[in-house]
Amino acid sequence: MDRILIVYYSRTGTTRMVAEKLAKLLEADIEEIRERKERAGALGFFIGIKDSILDKPAELISTHAVEDKDIVIIGMPVWADAPPPAVRAFVKQYDLTGKKIFAFCTHRGSVEKRPSRNFPKCCLRKSSKPWR
Ligand SMILES: Cc1cc2nc3c(=O)[nH]c(=O)nc-3n(C[C@H](O)[C@H](O)[C@H](O)COP(=O)(O)O)c2cc1C
Numbered sequence: 024m025d026r027i028l029i030v031y032y033s034r035t036g037t038t039r040m041v042a043e044k045l046a047k048l049l050e051a052d053i054e055e056i057r058e059r060k061e062r063a064g065a066l067g068f069f070i071g072i073k074d075s076i077l078d079k080p081a082e083l084i085s086t087h088a089v090e091d092k093d094i095v096i097i098g099m100p101v102w103a104d105a106p107p108p109a110v111r112a113f114v115k116q117y118d119l120t121g122k123k124i125f126a127f128c129t130h131r132g133s134v135e136k137r138p139s140r141n142f143p144k145c146c147l148r149k150s151s152k153p154w155r
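In my numbering, each residue carries its 1-based index in the sequence shown increased by 23.
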């Protein structure tokens with residue numbers, strides 16, 4: 024049987040809720056991607072937009088057991104039409120070669136209006152600018 028890991032980043036809990044439901048359904052391991060930077064409140068929101076647009080690097084404080092997994096599912100909120108810095112850092116930092124990768128995102132509607140050019144690429148490329 025495939026060993027499945029769900030990793031997710033969530034600032035306000037929506038992506039966490041989806042990830043937890045999915046983990047139960049798939050009997051998957053689940054891990055939260057956490058970063059050092061504090062992003063609470065209105066200030067955190069605006070800095071989040073800025074960091075996402077400028078592709079600022081994030082420092083992860085979580086570690087993830089991807090080695091023995093066959094499938095990795097990455098959950099994230101949309102930040103300025105792109106994955107948040109912590110998720111970009113995860114994809115850059117961990118070697119996902121040879122694994123089946125799936126990704127899902129939660130958002131406030133912009134992705135439905137403009138299907139994002141950024142998301143499918145996030146799991147395929149590991150350059151310093153994998154999102155554009
Ligand atoms: C910094 C920031 C930027 C965002 N940018 C977008 C966006 O471009 N399009 C969109 O539809 N929603 C955007 N949102 C809304 C979130 O994607 C949405 O509320 C998401 O479900 C939050 O997930 P979370 O509770 O797991 O953090 C943004 C939220 C934040 C905090």
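Beta carbons are placed, not taken as given, at the ideal position from N, Cα and C, and that holds for glycine. Keep in mind the model is a prediction, meaning the values are calculated, not measured.
Straight-line spacing of the CA atoms in Ile96 and Phe69 works out to 27 Å. Between Ala42 and Ile29, the gap from beta carbon to beta carbon is short of 8 Å. Setting aside the 5 residues that flank it on each side, Ala103 is surrounded in the same chain by Ile72, Ser75 and Ile76, each with a C-beta closer than 6 Å to its C-beta; the list follows chain order. For the 8 Å CB-CB criterion, Arg59 and Ile84 form a contact. The beta-carbon distance between Tyr31 and Pro107, rounded to whole angstroms, is 11 Å. This is too long to meet the 8 Å contact definition. Burial check for Gly64: the Cβ neighbour count within 10 Å stays below 16, so the residue is exposed.
Restricted to the segment 53-124, the beta strand (DSSP E) segments that are unbroken, complete and at least 3 residues in length are 94-100, listed in chain order.
For Glu50, there is no enclosing alpha helix (DSSP H), as DSSP marks it with neither H nor E. Short note on Ser33: C-beta closer than 7 Å to some heavy atom of ligand 1.
Burial is judged here by how many other beta carbons sit within 10 angstroms of a residue's own beta carbon; Thr35 has fewer than 16 and is exposed. Between Val89 and Ser133, the C-beta gap is not smaller than 8 Å, which leaves the two residues out of contact. Taking Leu49 as reference, the option from Asp78, Asp118 and Ile94 with the minimal CA-CA separation is Ile94. Relative to the non-hydrogen atoms of ligand 1, the Cβ of Arg39 comes within a distance shorter than 7 Å of at least one.
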